[in-house]
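See below for the structure under consideration.
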Amino acid sequence: MLLAGLLLRNVPYVTDAVYIDSHWSAALRNIALSIILTRAGLGLDPSALRRLKAVCVRVAIGPCVVEACVVAIVSHFLLGLPWVWGFILGFVLAAVSPAVVVPSMLLLQREGFGVEKGIPTLLMAAGSFDDILAITGFSTCLGIAFSTGSTWMNMLKGVLEVVGGVVAGLILGLFLCCFPSNDQEDLVLRRTIMLLGLSIFSVFFSHVIGFAGAGGLCTLVLAFLAALGWKTDKAPVAAMVGRSWDIFQPLLFGLIGAEITIATLSPSTVGLGLACISVGLAVRLLITFLLVHFGGFTLKEKVFIAVAWLPKATVQAAIGSKALDMAREEGDEALIKFGLDVLTLAVLAILTTAPIGALGIGLAGPRLLTRQVKADEAVGGATSPSSNAIGQEKENMTLESKL
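Counting the sequence shown from 1 gives a position; this note's numbering is that position plus 1049.
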């Protein structure tokens, strides 16, 4: 899907024949993002979240901040970026992609991999906070670079995004717990429409009022709270939301691929840019591994969490070009060059980490995570060890193909 979008944008005759409006592209990507965050909220495990809240905070903050700082330092010396532009680049590259992580975690959760330790819930919950932190850091550094508002106001805006997103999510989630009432006809359909409607509204409204990071967190919280209120009745709603994701998934990745114009990639920047990205990813892997060290996970589970924290796509496609757009408005050639460097590295990060991260999750999940056997699978389990091993191998191959 990513490659299909890339071809649509960069193959000469195809590009001329297919026109993709930028406003419609952004709107469809926001709808797809709201759907995947809704699925994440419905899939969160409350008991695992309570147990892993400290680890969740560490995983959400630590790798993002450290990778942003490392990329800023490396890009300053390799690419010659000023310090503030280095941190702009660092926070663009530091955000993890919920569009890659969440669907894979939901599939692993459905198959029972890592459920006992709450690993899918941990990564889905931490991903939203990771993105908010990265966007807040990016906005703050962008404000410093272009002197748009004070630094303290930009930092305060980031805090308000978190608080506002949680409060709005709590209010809307409580509303969904009460309406529609249980005596309504087509209850599942009504709940699904209201849930998706409020989620999409939250994402778009947050962009309108200038608090873009609050919409995703609001969506996650309202879906989680609605699922708590519906209890066992959430399964058919989650299934219907999953079918809507099947429609918007190719749109999201195709449109992200279509945002990448190979002609804008500066050959002199590509090699050094890949070096910056590689150093940042190596440090991110190490920091993530160390931060989950005291979470009660095995060595294999720590390795999987570190690998699952690699892919980047959604946030980079959304904010990668903003610095360049503002530089062009200023008309300063030096700022335009810095903006092009940021956009180039954002594109390289999408092209390299999105497929590698998705493939790594798909291959590592069934091999490194312990599977929780469901009750109906355990009944009548008087089979030979060899047949169990063969069956497990076939199930792992099937899951890998799905991922």
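Quick reminder that beta carbons are idealized off the backbone N, C-alpha and C, glycines included. The model shown is predicted, which means the values in this text are computed figures rather than measured ones.
I1354 versus A1066 - alpha carbon distance: 42 Å
Environment of E1382 [buried if 16+ CB atoms lie within 10 Å]: exposed
Where F1338 falls: helix, strand or coil (DSSP): helix
6 Å Cβ shell around G1176 - same chain, five flanking residues per side excluded: V1145, P1147 and V1150
E1058 versus T1401: straight-line alpha-carbon distance, rounded: Rather than Glu, the amino acid found at residue 1058 in this sequence is Arg. R1058 and T1401: Cα-Cα distance of roughly 18 Å.
Whole-angstrom distance between T1393 and G1320, CA atom to CA atom: 11 Å
Neighbourhood of V1356 by C-beta distance below 7 Å, restricted to the same chain and skipping five residues each side: G1409, I1410 and A1413
Separation of R1240 from L1225, as counted between CA atoms: 8 Å
Buried or exposed by the 16-neighbour rule on C-beta atoms within 10 Å, applied to C1267: buried
Counted within 10 angstroms of its Cβ, other Cβ atoms place W1201 as buried (16 or more) or exposed: exposed
Three-way DSSP call (helix, strand, coil) for F1343 in this model: coil
Inter-stretch contact at 8 Å, needing at least 3 Cβ pairs: the segment 1362-1380 / the segment 1322-1332: no
Burial state of C1227 (16 or more Cβ within 10 Å): exposed
G1430 - DSSP class collapsed to helix/strand/coil: Because the pLDDT at G1430 is just 48, under 50, the model does not fix this residue reliably, and the point stays unresolved.
Nearest to A1284 (by Cα), restricted to the options I1220, L1155 and V1133: L1155
Same chain only: Cβ atoms within 7 Å of L1300, ignoring 5 sequence neighbours per side: L1077 and A1081
Coil, strand or helix - F1260 by DSSP: coil
V1120 to L1142 span [Cα, whole Å]: 8 Å
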